[in-house]
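Only one structure is covered here, and it is reproduced in the block below.
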Amino acid sequence: MSLPPPVSPTPSPASSDDCPFCSIAHAHPPTAISTPPSSSTAHTILSTPTALAFLDIFPLSPCHILLIPRRHAEKVADLLPGENAVLGAWLPILARAAQRVTGWEDFNVVQNNGVSAAQVVPHVHYHIIPRPNERQREQLAKDRSTGNGTPIYWKSPFGTGVREELDDDDAAKMVVELRREVEKLVSELKVERLLRCGAVL
């Protein structure tokens, strides 16, 4: 059995003026992982020449991360092979960072292509959504009932239901922790050289 012929990506502009994710990409030039972004308005975790990661402004859970290509591409079919490789390299690193920060082992990785597939922003993006287990859900509910907790995000799988806006103070703390864990993981997994070479960045 042979593989289907490669699909040529639809030509895409480097950016789109009306794309909110392109605006974030323009506002956050590439920086070293250890260098905090100059502006925290987008709660940026990662900004490389090819990829960016930042917190979702309407999260389904704490540490709900969006990973995007810097270049404007509407669907996965529009990605260049190198962009796909970069995103694929960062997905497990960001997922592990979210696991460490939340203390939750389970998570969703969700990626929608097109309006009919529930894509809201027409720029490729992967959702990394940490999910609490039953005991952790009970603690979240208990904390919320005493007024000390965060919203009960786990009731809204894949974007359905009510989503509350990200709290800026909580987000600022999460971003610091996530960036720290990403930096540790890059070092622990010995992928720094790979991530810095042209094949991945």
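For the sequence shown, the numbering used here begins at 144 and goes up steadily by one.
From the three backbone atoms N, C-alpha and C, an ideal C-beta is built for every residue, glycine too.
Subject >> Cβ pair A196, L223 closer than 8 angstroms >> reply: no
Subject >> Alpha carbon of N255 to alpha carbon of V264, nearest angstrom >> reply: 10 angstroms
Original post:
Candidates E248, Q262 and Y269: which alpha carbon is nearest E277's?
Top reply: E248
Original post:
Leaving out five residues before and five after A240 in sequence, what residues of the same chain have Cβ atoms less than 7 angstroms from its Cβ?
Top reply: Around A240: L321, E324, V325 and L328.
**OP:** Determine the contact status of H171 and A185, defining contact as a CB-CB distance below 8 angstroms.
**Re:** The beta carbons of H171 and A185 sit closer together than 8 angstroms.
Original post:
For D221, which of helix, strand or coil comes out of DSSP?
Top reply: In this structure, D221 counts as helix in the three-state DSSP scheme.
Original post:
Just how far apart, CA to CA, sit E226 and P212?
Top reply: Computed Cα separation, rounded: 7 angstroms.
**OP:** Following the continuous beta strand (DSSP E) through F197, name the residue where it begins and the one where it ends.
**Re:** A194 to L198
Original post:
Around the Cβ of A314, are there at least 16 other Cβ atoms within 10 angstroms (buried) or fewer (exposed)?
Top reply: buried
Subject >> Own chain, CB closer than 6 angstroms to A384, minus 5 neighbours either side, in chain order >> reply: Because the chain here runs from 144 to 344, residue 384 falls outside it and cannot be looked at.
Original post:
How many angstroms separate the CA atom of V334 from the CA atom of A232?
Top reply: 9 angstroms
Original post:
Does DSSP put H169 in a helix, in a strand, or in coil?
Top reply: helix
Original post:
Where does D249 sit, in a helix, a strand or coil, going by DSSP?
Top reply: strand
Original post:
In the DSSP assignment, what residue or residues form a beta bridge with P273?
Top reply: F250
Original post:
Hey, H270 and F164 are a contact pair by Cβ (cut 8 angstroms); roughly how many whole angstroms apart?
Top reply: Not quite, the Cβ-Cβ distance comes to about 13 angstroms (not below 8 angstroms), so this is no contact.
Original post:
At what residues does the beta strand (DSSP E) containing L210 begin and finish?
Top reply: Note, L210: beta strand (DSSP E), I208 to P212.
Original post:
Roughly how many angstroms lie between the CA atoms of T191 and H207, to the nearest whole one?
Top reply: Taking the CA atoms as reference points, T191 sits about 19 angstroms from H207.
Original post:
Just curious, the alpha helix (DSSP H) that L189 is in, first and last residue?
Top reply: L189 -> not in any alpha helix (DSSP H); beta strand (DSSP E) instead, spanning T187 to S190.
**OP:** With DSSP collapsed to three states, give me the class of N255.
**Re:** coil
Original post:
Taking DSSP as the reference, what is the three-state secondary structure of A216?
Top reply: coil
Original post:
Per DSSP, what kind of secondary structure is L203 in: helix, strand or coil?
Top reply: coil
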